[in-house]
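Colleague: First the structure, which I've put down as structure tokens, then a few questions once you've had a look.
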Amino acid sequence: MNLQLTIQKCGNSKYRFGINTNDSKTIFGKRGISIKIFWTNNSSDFIETKTKCGPSNDNFTSKIRKKGYDLYDIKINNWIKENNYNIYDPGKPTKLLFKYNKIKKELIFIKKIDKT
Numbered sequence: 007m008n009l010q011l012t013i014q015k016c017g018n019s020k021y022r023f024g025i026n027t028n029d030s031k032t033i034f035g036k037r038g039i040s041i042k043i044f045w046t047n048n049s050s051d052f053i054e055t056k057t058k059c060g061p062s063n064d065n066f067t068s069k070i071r072k073k074g075y076d077l078y079d080i081k082i083n084n085w086i087k088e089n090n091y092n093i094y095d096p097g098k099p100t101k102l103l104f105k106y107n108k109i110k111k112e113l114i115f116i117k118k119i120d121k122t
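The sequence shown begins at 7 in the working numbering and counts up by one.
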């Protein structure tokens, strides 16, 4: 399945991947889920992180939940900056497409989503 992640600023010129609320709830379900992120199809080129921030694990039943989970690691931050994905117009963050393997809990980068 494909998954869209949004670049989000998280203070002190650092950036992370934001996961929308619906995907956070239906795909990941709770904080602390380990995820491997691959920048290429090369199996040695990956980092491992966990779903962070967002609602507490017992608070996703709330109908007013507007915040999903995030993926942060210094290597994610560095990769975002190296590829200039942190440069975007205010209110129009960069969106990236990943392939998600739910069984292996792996994200593989596919491409930047073009703004139309």
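Note that CB positions come from ideal geometry on N, CA and C, so glycine has one too.
1. Which value, in whole angstroms, describes the spacing of the CA atoms of LYS108 and ILE80?
2. Can you tell me which of MET7, LYS15, LEU9 puts its alpha carbon nearest to the alpha carbon of PRO96?
3. Which same chain residues, not among the five before or five after GLY38, have their C-beta less than 6 Å away from its C-beta?
4. So, is ASP76 buried or exposed, given that buried needs 16 or more other C-beta atoms within 10 angstroms?
5. Looking at the structure shown, is ASN26 part of a helix, part of a strand, or coil, going by DSSP?
6. Can you give me the start and stop residues for the alpha helix (DSSP H) that ILE39 sits inside?
7. With a Cβ-Cβ cutoff of 8 Å, do GLY24 and GLY74 count as a contact?
8. Return the residue from the list GLY17, PHE44, ASN28 that minimises the CA-CA distance to LYS110.
9. How is ILE80 classed by DSSP in three states: helix, strand or coil?
10. By DSSP, does ILE53 sit in helix, in strand, or in coil?
11. With 16 as the cutoff for other CB atoms within 10 Å, does THR100 come out buried or exposed?
Modeller: By the coordinates alone:
1. 24 Å
2. LYS15
3. LYS56
4. buried
5. coil
6. From DSSP, ILE39 is part of no alpha helix (DSSP H); its letter is neither H nor E.
7. yes
8. PHE44
9. helix
10. strand
11. buried
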